[in-house]
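Q: The structure is given below, and queries will be raised subsequently.
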Amino acid sequence: MKYLELTIGAILVYNFVLSRFLGICPFLGVSKRLGTALGMSGAVIFVMTIASFITSLVYRHLLHFTIGGKEYDLSFLQVLLFILIIAGLVQLIEIMLQKLSPKLYQALGIYLPLITTNCAVLGAATINADSNFTVLEATIFGFCSGVGFALALVLFSSLRERLDLAEVPKPFQGTPIALITAGILAMAFVGFSGLC
Amino acid sequence: MNTIILAIILMAGTGLVLGVVIGIFAKLFRVESDPRVDLVTELLPGANCGGCGTAGCSDFAKAVVSGQLPPSKCPVSSSEQVSAIARALGIEAGESFKQKAVVLCGGDREQTMRLASYNGVADCVSASLVAGGPKGCSYGCLGMGSCARKCPFGAIEMINGLAVIHRELCVGCGTCVAVCPRNVIKLVPADAEVHVYCNSPLKAPAKRQVCKVACIGCRKCQKAAPDKFIIEGFKATVNYANTPLPTQEDVQAAGCPTGALLSAEEHLRIEKHDPEWSAEK
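If you're matching them up, the sequences are chains A and B in order. So the first sequence is numbered by the numbering used here: it starts at 1 and just counts up by one. So the second sequence is numbered by the numbering used here: it starts at 197 and just counts up by one.
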């Protein structure tokens with residue numbers, strides 16, 4: 001039950017893009033075509049899951065420890081350490097993918113470096129730490145947050161593909177109408193609030 | 197004080213560990229990439245237009261390096277660029293055949309009747325799906341600019357409801373040819389200057405009812421220069437396979453009664469409503 005709540009919460013109720021307003025940059029930047037949006041979504045899900053797993057391990061075991069009976073709390077290093085770890089991790093994944101799965105590398109390749117310092121990935125790690133999730137909970141939360149991001153991105157890119165063909169008044173063409181659309185989409189997601 | 201030292205140790209340690217791990221992985225998982233592919237990719241225009249038939253410039257570079265395609269297959273590169281690639285790889289450049297696209301239709305808003313007013317999605321494919329499109333001639337340019345939006349080189353201008361290709365910008369990649377639902381855009385030899393701006397195979401009276409500048413198949417051009425024009429059904433076309441190709445003199449000698457036979461320059465000036473040109477007429 002707890003995990004179900006975590007899942008639905010991360011995907012719909014507290015959607016990363018539309019409720020928490022994290023990851024807005026790729027949300028607007030790579031949402032012009034459905035194909036690129038899918039590639040980006042895949043990369044985000046992938047990185048978020050692994051990043052959540054590693055950072056929660058680090059948070060629980062590296063930032064709080066006792067030496068000689070004295071307790072040390074280094075959680076002020078949280079953001080710095082998380083960025084360092086996520087950047088290194090993405091780099092590692094990129095190197096490995098290139099060798100192990102060139103197909104996947106071609107699909108995700110250009111998006112992986114984009115995610116390195118993405119606020120959504122860092123956001124997932126920070127939320128994990130603040131909510132004091134266990135490692136398993138954090139990993140599930142990371143994966144579901146990625147799925148939520150993917151859902152928003154795919155919905156939005158499909159809308160934008162349709163918008164390309166619509167007759168939009170001149171002052172609204174391009175980014176303005178995209179922002180209005182994003183706002184309406186976010187309002188629709190408000191309907192999920194209170195679900196859990 | 198201890199906290200500060202611990203923090204420094206932790207950060208430096210993490211950085212060091214990550215650095216070492218990445219270094220080891222980079223060695224372990226190194227991919228041997230062919231440096232020639234990068235070299236050729238750099239020499240290519242980088243427009244990723246797909247005119248060569250591959251997915252983009254880097255795919256084309258791979259095909260060239262592996263010997264599947266000759267460098268001249270790139271329709272965008274000039275012959276100097278192609279020979280630079282060939283020289284870099286030490287292979288034959290291959291026969292280069294330059295083409296340019298032309299919209300074989302002169303039916304702008306003033307010349308061709310509209311049967312209906314169309315308020316749907318501003319896209320040629322959508323327009324042609326609605327009862328064959330709003331235009332009286334179901335073979336001519338629809339004028340919604342699908343090709344102009346797709347052109348990776350910005351060579352197509354929509355003038356007065358008609359797509360006109362600027363020859364100096366067109367590289368002949370053929371993207372527009374694939375997009376056009378009416379097949380009114382054709383790839384022709386790059387040095388062809390004169391075209392019959394009509395695509396309708398219908399009989400003359402049917403064409404004349406809807407369009408002022410249709411080719412009525414009167415054969416005047418073919419009588420003036422038998423080798424340079426061919427008549428297909430009820431429409432004349434330039435014989436692009438024959439050299440020399442027709443020139444401005446042939447246009448004057450033929451004296452096309454409807455004005456479908458034009459040089460590309462004349463065509464552009466008419467569509468642009470060049471005042472100088474109107475005065476000459």
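Just so it is clear, CB atoms sit at the ideal spot from N, CA and C, and this is done for glycine as well. Just so it is clear, the structure is predicted and the values come from calculations on it, not from any experiment.
Of all Cβ atoms in chain B, is any one closer than 8 Å to the Cβ of residue 59 of chain A?
A: Position 59 of the first sequence, counted from the start, is the residue given in the question as residue 59 of chain A. Chain B, which has no Cβ nearer than 8 Å to the Cβ of residue 59 of chain A, makes this no.
Q: What is the DSSP secondary structure of residue 207 of chain B, counted as helix, strand or coil?
A: Here residue 207 of chain B corresponds to residue number 11 of the second sequence, with the count starting at 1. Helix.
Q: For residue 476 of chain B, I'd like the list of residues in its chain whose CB is within less than 7 Å of its CB, leaving aside the five on either flank, ordered along the chain.
A: As a position in the second sequence, residue 476 of chain B is number 280, starting the count at 1. Below a pLDDT of 50, predicted positions are generally treated as unreliable, and residue 476 of chain B, at 48, falls in that range; the measurement from the model is reported next regardless. Within the same chain, residue 476 of chain B has no close Cβ partners at all.
Q: At the 8 Å Cβ level, is residue 207 of chain B part of the contact set with chain A, yes or no?
A: To locate residue 207 of chain B, count along the second sequence from 1; it is residue 11. It does; some Cβ of chain A falls within 8 Å.
Q: Compile a chain-ordered list of the residues in the segment 89-116 of chain A whose CB is closer than 7 Å to at least one CB of chain B.
A: Correct list: 91, 92, 95, 96, 98 and 99.
Q: Quick check on residue 177 of chain A - is its C-beta less than 8 Å from some C-beta in chain B?
A: Counted from its first residue, the first sequence places residue 177 of chain A at position 177. No, because no Cβ of chain B sits closer than 8 Å to the Cβ of residue 177 of chain A.
Q: Looking at residue 328 of chain B: is its Cβ nearer than 8 Å to the Cβ of residue 406 of chain B?
A: Counting from one through the second sequence, the residue named residue 328 of chain B turns up at place 132. Counting from one through the second sequence, the residue named residue 406 of chain B turns up at place 210. The answer is no: Cβ separation not under 8 Å.
Q: When DSSP labels each residue in this structure, what does residue 234 of chain B get in the three-state scheme?
A: Here the question's residue 234 of chain B lines up with position 38 in the second sequence. Three-state DSSP puts residue 234 of chain B in a helix.
Q: Determine whether the beta carbon atoms of residue 299 of chain B and residue 359 of chain B lie at a separation below 8 Å.
A: Translated into positions along the second sequence, residue 299 of chain B becomes position 103. Translated into positions along the second sequence, residue 359 of chain B becomes position 163. In contact: residue 299 of chain B and residue 359 of chain B (Cβ atoms closer than 8 Å).
Q: What residue does the beta strand (DSSP E) around residue 73 of chain A start on, and which one ends it?
A: Residue 73 of chain A sits at position 73 when you count from the first residue of the first sequence. Per DSSP, residue 73 of chain A belongs to the beta strand (DSSP E) from 70-73.
Q: From the DSSP output, in three-state form, read off residue 375 of chain B for me.
A: Here the question's residue 375 of chain B lines up with position 179 in the second sequence. Three-state result, residue 375 of chain B: helix.
Q: Just the chain A side, please: which residues come within less than 7 Å of residue 325 of chain B by C-beta, in chain order?
A: By 1-based counting over the second sequence, the position of residue 325 of chain B is 129. Going along chain A, no residue has its Cβ under 7 Å from residue 325 of chain B, so there is no contact; the nearest lies around 13 Å.
Q: Just the Cα atoms here: how many angstroms apart are residue 190 of chain A and residue 13 of chain A?
A: Here residue 190 of chain A is taken as the residue at index 190 of the first sequence, counted from 1. Here residue 13 of chain A is taken as the residue at index 13 of the first sequence, counted from 1. Between residue 190 of chain A and residue 13 of chain A, the C-alpha separation is close to 7 Å.
Q: With distances taken Cα to Cα, identify the nearest neighbour of residue 53 of chain A among A:187, A:135, A:155 and A:181.
A: The residue labelled residue 53 of chain A in the question sits at position 53 within the first sequence. Closest option to residue 53 of chain A, Cα to Cα, is A:135.
Q: With a threshold of 8 Å between beta-carbons, can residue 319 of chain B be considered close to chain A, or not?
A: Along the second sequence, read from residue 1 onward, the residue named residue 319 of chain B stands at position 123. Yes, its Cβ sits closer than 8 Å to a Cβ of chain A.
Q: Judging by CA-CA distance, which residue of B:311, B:357 and B:309 is the nearest neighbour of residue 320 of chain B?
A: Start at 1 with the first residue of the second sequence, and residue 320 of chain B comes out as number 124. Selected option, being the one with the closest Cα: B:357.
Q: Contact defined as beta carbons within less than 8 Å: I believe residue 384 of chain B pairs with residue 336 of chain B. What is the distance between those atoms, to the nearest angstrom?
A: On the second sequence, position 188 is the one that residue 384 of chain B refers to. On the second sequence, position 140 is the one that residue 336 of chain B refers to. Wrong, their Cβ atoms sit about 18 Å apart, outside the cutoff.
Q: Counting only C-beta atoms, is residue 227 of chain B closer than 8 Å to chain A at any point?
A: Locating residue 227 of chain B in the second sequence gives position 31, where the first residue counts as 1. Answer yes: the Cβ-Cβ gap between residue 227 of chain B and chain A drops below 8 Å somewhere.
Q: Around the Cβ of residue 330 of chain B, are there at least 16 other Cβ atoms within 10 angstroms (buried) or fewer (exposed)?
A: Counting from 1 along the second sequence, the entry for residue 330 of chain B is found at position 134. Classification of residue 330 of chain B: buried, given that the 10 Å Cβ count is 16 or more.
Q: DSSP on residue 459 of chain B, reduced to helix/strand/coil?
A: On the second sequence, position 263 is the one that residue 459 of chain B refers to. In the structure shown, residue 459 of chain B sits in a strand (DSSP, three-state: E or B).
Q: Look up residue 407 of chain B in the DSSP assignment and give the residues it is bridged to.
A: Here residue 407 of chain B refers to the residue found at position 211 of the second sequence. The partner list for residue 407 of chain B (beta bridge, DSSP) reads B:308.
Q: So, residue 446 of chain B versus residue 420 of chain B, is the Cβ gap smaller than 8 Å?
A: Reading the second sequence from its first residue, position 250 is the one you call residue 446 of chain B. Reading the second sequence from its first residue, position 224 is the one you call residue 420 of chain B. Yes. Within cutoff.
Q: Once you ignore the five residues that flank residue 334 of chain B on each side, which residues in its own chain have a CB closer than 6 Å to its CB?
A: Residue numbering aside, residue 334 of chain B sits at position 138 when the second sequence is read from its first letter. Answer for residue 334 of chain B: 328, listed in chain order.
Q: Among the residues of its own chain, which have a CB less than 8 Å from the CB of residue 204 of chain A, if the five just before and after it don't count?
A: Outside the modelled stretch of chain A, which goes from 1 to 196, sits residue 204 of chain A, for which no answer is possible.
Q: Identify, in the order they occur along the chain, each residue of the same chain with its Cβ nearer than 7 Å to the Cβ of residue 264 of chain B, setting aside the five sequence neighbours on each side.
A: Within the second sequence, the letter at position 68 stands for residue 264 of chain B. Excluding positions up to five away in sequence, the list is empty.
Q: Pull up the distance between the alpha-carbon of residue 198 of chain B and that of residue 154 of chain A, whole angstroms please.
A: Looking up residue 198 of chain B in the second sequence gives position 2. Looking up residue 154 of chain A in the first sequence gives position 154. Spanning the two alpha carbons is a distance of roughly 49 Å.
Q: What residue ranges within the segment 335-399 of chain B form continuous alpha helix (DSSP H) runs of no fewer than 4 residues, ordered along the chain?
A: Those alpha helix (DSSP H) runs which fall completely within the segment 335-399 of chain B and span 4+ residues are 342-346 and 371-375.
Q: What three-state label does DSSP hand residue 178 of chain A in the structure shown?
A: By one-based count along the first sequence, residue 178 of chain A stands at place 178. Residue 178 of chain A falls in the helix class under three-state DSSP.
Q: Kindly indicate which three-state DSSP category residue 425 of chain B falls into: helix, strand or coil?
A: Here residue 425 of chain B corresponds to residue number 229 of the second sequence, with the count starting at 1. Strand.
Q: From the DSSP secondary-structure annotation, give me the bridge partner or partners of residue 434 of chain B.
A: Along the second sequence, one-based indexing puts residue 434 of chain B at 238. According to DSSP, which records beta bridges pairwise, residue 434 of chain B is partnered with B:425.
Q: Between the segment 166-186 of chain A and the segment 73-92 of chain A, do at least 3 Cβ pairs fall closer than 8 Å?
A: Output reads no: the segment 73-92 of chain A does not touch the segment 166-186 of chain A.
Q: Please list, in chain order, all residues of the same chain as residue 11 of chain A whose beta carbon is under 6 Å from its beta carbon, the five residues on each side excluded.
A: Numbered from its first residue, the first sequence carries residue 11 of chain A at position 11. If we look at residue 11 of chain A and ignore the five residues flanking it on each side, its Cβ neighbours are 144, 147 and 148.
Q: Mind listing the chain A neighbours of residue 218 of chain B? Cutoff is C-beta to C-beta under 9 Å, in chain order.
A: The residue given as residue 218 of chain B occupies position 22 in the second sequence. Near residue 218 of chain B (Cβ distances below 9 Å), the residues of chain A are 88, 91, 92 and 95.
Q: Could you spell out where the beta strand (DSSP E) holding residue 469 of chain B opens and where it closes?
A: Looking up residue 469 of chain B in the second sequence gives position 273. Where residue 469 of chain B is concerned, there is no enclosing beta strand (DSSP E), given that its DSSP letter is neither H nor E.
Q: Give me the Cβ distance between residue 397 of chain B and residue 431 of chain B, rounded to the nearest whole Å; I'm assuming they're in contact under 8 Å.
A: Stepping through the second sequence from its first residue, residue 397 of chain B is reached at position 201. Stepping through the second sequence from its first residue, residue 431 of chain B is reached at position 235. Yes, residue 397 of chain B and residue 431 of chain B are in contact; Cβ-Cβ is about 6 Å, under 8 Å.
Q: Quick one: which chain B residues come within Cβ less than 9 Å of residue 122 of chain A?
A: In the first sequence, counting from the first residue as 1, residue 122 of chain A sits at position 122. Residues of chain B passing the Cβ test: none, with the nearest at roughly 16 Å.
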